[in-house]
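Numbering (this note's numbering), first residue to last: 11 to 297. Just below is one structure, and these are the notes that go with it.
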Amino acid sequence: MDFIAGAIGGGLSTAVGYPLDTVKVRIQTERHYKGIWHCIQETYRTEKVLGFYKGVSASVFSVSLISSVSFGTYRNFLCNICKLRYGAADAEPSKLDVSLAGGAAGAVRVVLMAPSEVAKVRMQTQRNPHPSATSPKSNSKPKYRGSLHCLKVIAKEEGFGGLYKGCSALLCRDCSSSAIYFLTYSTLCDWLTPTGRNKPGFLVVLLSGGFAGVLAWGLATPMDVLKSRMQVDESGQHKYRGLIHCARQSVREEGVKVLFKGLGLNCIRAFPVNMVVFVTYEAVLRF
Numbered sequence: 011m012d013f014i015a016g017a018i019g020g021g022l023s024t025a026v027g028y029p030l031d032t033v034k035v036r037i038q039t040e041r042h043y044k045g046i047w048h049c050i051q052e053t054y055r056t057e058k059v060l061g062f063y064k065g066v067s068a069s070v071f072s073v074s075l076i077s078s079v080s081f082g083t084y085r086n087f088l089c090n091i092c093k094l095r096y097g098a099a100d101a102e103p104s105k106l107d108v109s110l111a112g113g114a115a116g117a118v119r120v121v122l123m124a125p126s127e128v129a130k131v132r133m134q135t136q137r138n139p140h141p142s143a144t145s146p147k148s149n150s151k152p153k154y155r156g157s158l159h160c161l162k163v164i165a166k167e168e169g170f171g172g173l174y175k176g177c178s179a180l181l182c183r184d185c186s187s188s189a190i191y192f193l194t195y196s197t198l199c200d201w202l203t204p205t206g207r208n209k210p211g212f213l214v215v216l217l218s219g220g221f222a223g224v225l226a227w228g229l230a231t232p233m234d235v236l237k238s239r240m241q242v243d244e245s246g247q248h249k250y251r252g253l254i255h256c257a258r259q260s261v262r263e264e265g266v267k268v269l270f271k272g273l274g275l276n277c278i279r280a281f282p283v284n285m286v287v288f289v290t291y292e293a294v295l296r297f
């Protein structure tokens with residue numbers, strides 16, 4: 011049931027937060043935007059509303075699958091830890107147990123998530139002007155015609171390794187943020203749930219899920235920036251040789267502040283998205 015609840019929550023949350031995710035990726039990977047509002051205006055002016063939803067169909071499907079695996083792994087890993095340490099799967103876990111289970115969920119998620127993340131970032135940064143914003147004679151065709159076509163082109167031009175570009179940054183981002191994510195949610199639910207109640211109420215789940223997402227994404231932003239930059243590095247460019255090189259080059263060219271590009275957007279997007287995730291997750295489990 012954890013797998014089903016995670017899948018539904020992940021799919022709904024992606025649909026809610028995708029436009030802001032597109033803006034975030036563009037700000038992180040392209041230097042000509044003056045800020046969030048400028049990026050939103052430019053995207054709408056040249057690509058209209060559809061510009062904010064590039065690659066969304068594949069992303070909803072992949073995030074549903076990944077979220078299912080993430081929540082299922084977390085719950086099963088936590089039960090096994092409790093069984094080993096305390097002799098019973100339903101024993102009260104410690105904060106360390108929750109963090110370890112969360113980190114394991116993040117690591118498992120990366121294996122499935124990397125190719126879809128590469129395709130998502132390439133689609134989001136691809137320029138595909140809306141007909142109303144271009145001259146009638148313009149016949150330029152986008153390189154990637156969709157998420158599946160994008161994966162096919164990457165595999166053909168860059169090999170299997172191209173589907174896992176930025177995997178090192180993704181692993182660092184997701185292991186740490188997932189541990190913080192589940193730990194924060196668990197801790198806030200414990201603090202805010204009145205004594206004597208077995209399960210947190212609707213408002214407690216909303217607040218705990220929202221704040222857990224904000225904290226996790228706030229701390230994950232530097233690795234998120236590096237991940238996006240490595241993934242958008244197409245064949246023939248080879249701008250970055252790896253995670254450390256990407257970090258050095260980015261900081262050298264744009265200063266330390268580059269590692270926090272999209273921080274505000276990540277936090278703004280994280281609150282409603284993760285409220286949806288946990289409310290849906292808890293609701294499906296209960297019903």
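Glycine residues also receive a C-beta, built at the ideal position from the N, C-alpha and C atoms. These figures come from a predicted structure and were not determined experimentally.
Suppose you measure from the CA of residue i to the CA of residue j; what does that come to, to the nearest Å?
i, j, result
"Tyr174", "Leu94", "34 Å"
"Val70", "Leu273", "23 Å"
"Gly211", "Met133", "39 Å"
"Leu22", "Leu269", "28 Å"
"Phe62", "Ala99", "44 Å"
"Glu292", "Trp47", "35 Å"
"Lys64", "Ser126", "13 Å"
"Val287", "Val73", "11 Å"
"Arg262", "Arg251", "15 Å"
"Leu30", "Gly172", "25 Å"
"Thr135", "Met240", "13 Å"
"Leu193", "Glu40", "33 Å"
How about residue i and residue j: do their beta carbons lie closer than 7 Å?
i, j, result
"Ala124", "Ser157", "no"
"Val294", "Ser196", "no"
"Leu198", "Ser218", "yes"
"Gly220", "Asn284", "yes"
"Gln38", "Lys271", "yes"
"Val26", "Val131", "no"
"Val224", "Phe281", "yes"
"Val215", "Leu202", "no"
Does residue i get closer than 7 Å to chain D when you measure Cβ to Cβ?
i, result
"Ser157", "This model lacks chain D altogether, as it is built from one protein chain only."
Less than 7 Å between C-beta atoms, sequence neighbours within five positions excluded: which residues of the same chain meet that for residue i?
i, result
"Thr83", "Ala114, Ala115, Val118"
"Cys89", "Ala99"
"Cys49", "Val33, Arg36, Ile37, Tyr43"
To which residues of the same chain is residue i closer than 8 Å at the C-beta, ignoring the five residues directly before and after it?
i, result
"Ser145", "Because Ser145 carries a pLDDT of 48, less than 50, the predicted location of this residue cannot be relied on, and the following value inherits that uncertainty. The answer is none, since no qualifying residue turns up."
"Asn276", "Lys34, Trp227, Gly228, Ala230, Thr231, Asp234"
"Leu236", "Gly176, Ala179, Leu253, Cys256, Ala257, Ser260, Leu269"
"Thr53", "Thr32, Val33, Arg36, Gly61, Phe62"
By Cβ distance, which residues of its chain are closer than 6 Å to residue i, with the 5 residues on each side in sequence left out?
i, result
"Asp234", "Arg183"
Could you check which residue in the options has the C-alpha nearest to that of residue i?
i, options, result
"Arg85", "Glu102, Val73, Tyr54", "Glu102"
"Ala111", "Cys92, Val120, Arg296, Leu122", "Cys92"
"Ile190", "Glu168, Lys267, Lys105", "Lys105"
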